[in-house]
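Chains as they are written, first to last, in our numbering: chain A, 1123 to 1318; chain B, 1123 to 1318.
Where is the CB? At the ideal position from N, CA and C, for every residue including glycine.
Let me begin by presenting the structure, written as structure tokens, before commenting on it.
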């Protein structure tokens, strides 16, 4: 039996559902256990799922023409992840999604998500709020990238996402922050001297 | 009588409303004519409106500690703009919103937006879809910033947002793209030589 408790708490924060409505939602989810380094979506494929992380961690990244990997997002327990562009347009994904630790996930197929909106319109609200929160986080990241120094961006990251550091490799964090692993190490050494 | 036709078309793309529901929505909107350089929201104030652009253009920007302005987004006819962080949290805004050309706008107060969700739940769907589209555009921007050269970012911008160039000052576009106006001019001269 997959563990729906975290997702259930997540839902209760935003909408009120009766047991039957929740059961319907849960019946649409495809649970999976994935090993570290497992690829869930490959750039070029069409993204067909929104994925909720129950345990472990995932990352999404894009690869540039020089084969450099750029981490776009992390997903830790309680978070959703997808290539939103591909999921919404059903065109080939730009991102690859991969496990950075052994993970337990719940996958919601796009078709079932649409069905859910039809059958239980309250889910429009749930996903509207989730998407708003994701948009705010993205806008904050764009603002930080434009206005903060590398050190400030790192401090902001550990302030908000310290738990990501516990499972994400440091070179992935450096990539997410748009700096080289060497530069991030330099910042961390400097801050360690300051006891931050 | 304010012009609701563009907004009406915008709505029809995503949800079906009867005339009464539309009229209710329109009755919640506060129309305004604003002059170029007029400030609609100042960083530090609380954002209380989602603003729809009927004509003209707005920009949002943040100012760093060195008083440099960083353009975060543009809004041209058919687009919505807000400091989403402040609008959702009702905490002080990080962004300033200003007209970059004389503009006709329709302002939806946050309280009325919440009332709308209650009275016509179909608007949950409308704003869910709008927010998803905004999220995709934001993610694309983050990916571009991490993976493309300055020249490629500019080409991507004119490919998708050529109409913004018609009303936004070039130094605002440079700021949006994260480069100096001088560097953008250099790229434009180079591309002009190539007839792009």
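- Per DSSP, the unbroken alpha helix (DSSP H) holding residue 1233 of chain B starts and ends at 1232-1241.
- In summary, the residues of the stretch 1243-1264 of chain A whose CB is separated from some CB of chain B by less than 7 Å are 1243, 1246, 1247, 1249, 1250, 1253, 1254, 1256, 1257, 1258, 1260, 1261, 1262, 1263 and 1264, in the order they occur in the chain.
- Residue 1219 of chain A sits away from residue 1151 of chain A, with the two beta carbons spaced by 7 Å or more.
- Spanning the alpha carbons of residue 1131 of chain A and residue 1139 of chain A requires a straight line of approximately 11 Å.
- A direct Cα-Cα distance of roughly 17 Å separates residue 1202 of chain B from residue 1239 of chain B.
- Counting along the chain, the unbroken alpha helix (DSSP H) around residue 1312 of chain B starts and ends at 1303-1316.
- Cβ proximity to chain A below 7 Å picks out 1300 from the stretch 1283-1300 of chain B.
- With respect to residue 1289 of chain B, residue 1204 of chain B sits apart: the two C-beta atoms are not nearer than 7 Å.
- Within the stretch 1143-1226 of chain A, the complete alpha helix (DSSP H) segments at least 4 residues long are 1206-1211, listed from N- to C-terminus.
- A Cβ-Cβ contact shorter than 7 Å links residue 1168 of chain B with residue 1208 of chain B.
- The Cβ-Cβ distance between residue 1224 of chain B and residue 1199 of chain B does not fall below 7 Å.
- The three-state secondary structure of residue 1299 of chain B, taken from DSSP, is coil.
- Counted as a single uninterrupted DSSP element, the alpha helix (DSSP H) harbouring residue 1245 of chain A occupies residues 1244-1269.
- Not a single C-beta of chain A is nearer than 7 Å to the C-beta of residue 1313 of chain B.
- Within chain A, the residues 1268, 1269 and 1270 have their CB atoms less than 9 Å from the CB of residue 1186 of chain B, given in chain order.
- For residue 1239 of chain A, the chain B residues whose Cβ falls inside 8 Å of its Cβ are 1247, in order along the chain.
- Neighbourhood of residue 1207 of chain B in chain A, by CB distance below 7 Å: 1258, 1261 and 1262, in chain order.
- Considering only beta carbons, the part of the stretch 1209-1222 of chain A lying closer than 7 Å to chain B consists of 1210 and 1216, in chain order.
- Residue 1254 of chain B counts as buried, since at least 16 other C-beta atoms from the protein chains shown sit within 10 angstroms of its C-beta.
- The residues 1272, 1275, 1276, 1279 and 1306, in chain order, have a CB closer than 8 Å to that of residue 1299 of chain B in the same chain once the five nearest residues on each side in sequence are set aside.
- In chain order, 1242 place their CB closer than 6 Å to the CB of residue 1143 of chain A, counting only its own chain and leaving out the 5 sequence neighbours on each side.
- Secondary structure at residue 1292 of chain A: helix, using DSSP grouped into helix, strand and coil.
- For residue 1192 of chain A, the closest Cβ of chain B is nearer than 7 Å.
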